[in-house]
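Just add 918 to the spot in the sequence shown (first one is 1) and you have the numbering used here.
Note that beta-carbon positions come from the ideal geometry of N, C-alpha and C, so glycine has one too.
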Amino acid sequence: MSDPTIRPVRPDEREAWEGLWSGYLDFYRAAIGPEMRDLTWSRLHDPLVPLHALVAETSGETVGLVHYLFHASAWTRGPYCYL
């Protein structure tokens, strides 16, 4: 197994993203409908929306996912990162 590569999810990787996202939702026993999945996917690729996704790839296979956003804080001058 090679070291993972961490990179932004690409627009052509919906199927891989959805598989990992579904696994995450299943783990937390959460359910969202197809409309929310579509909205989340479109938000991830909208430069005006501060929601992002990174994937981990090993040997050409997408094996991990993180969604994140930066937001203002009442505690610091700089932004916080919410994972």
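**Report entry** Alpha-carbon to alpha-carbon, Ala971 and Val927
**Finding:** 6 angstroms
Query raised in the report: Candidates Asp930, Arg961 and Thr994: which alpha carbon is nearest Tyr986's?
Result: Arg961
Requested in this report: List the residues that DSSP assigns as beta-bridge partners of Glu979.
Outcome: Thr976
Report task. Please report how far the alpha carbon of Ile950 lies from the alpha carbon of Leu938, in whole angstroms. Result -> 14 angstroms
Requested in this report: If I'm right that Pro922 touches Ala974 with Cβ under 8 angstroms, what's the distance once you round it to whole angstroms?
Outcome: 4 angstroms
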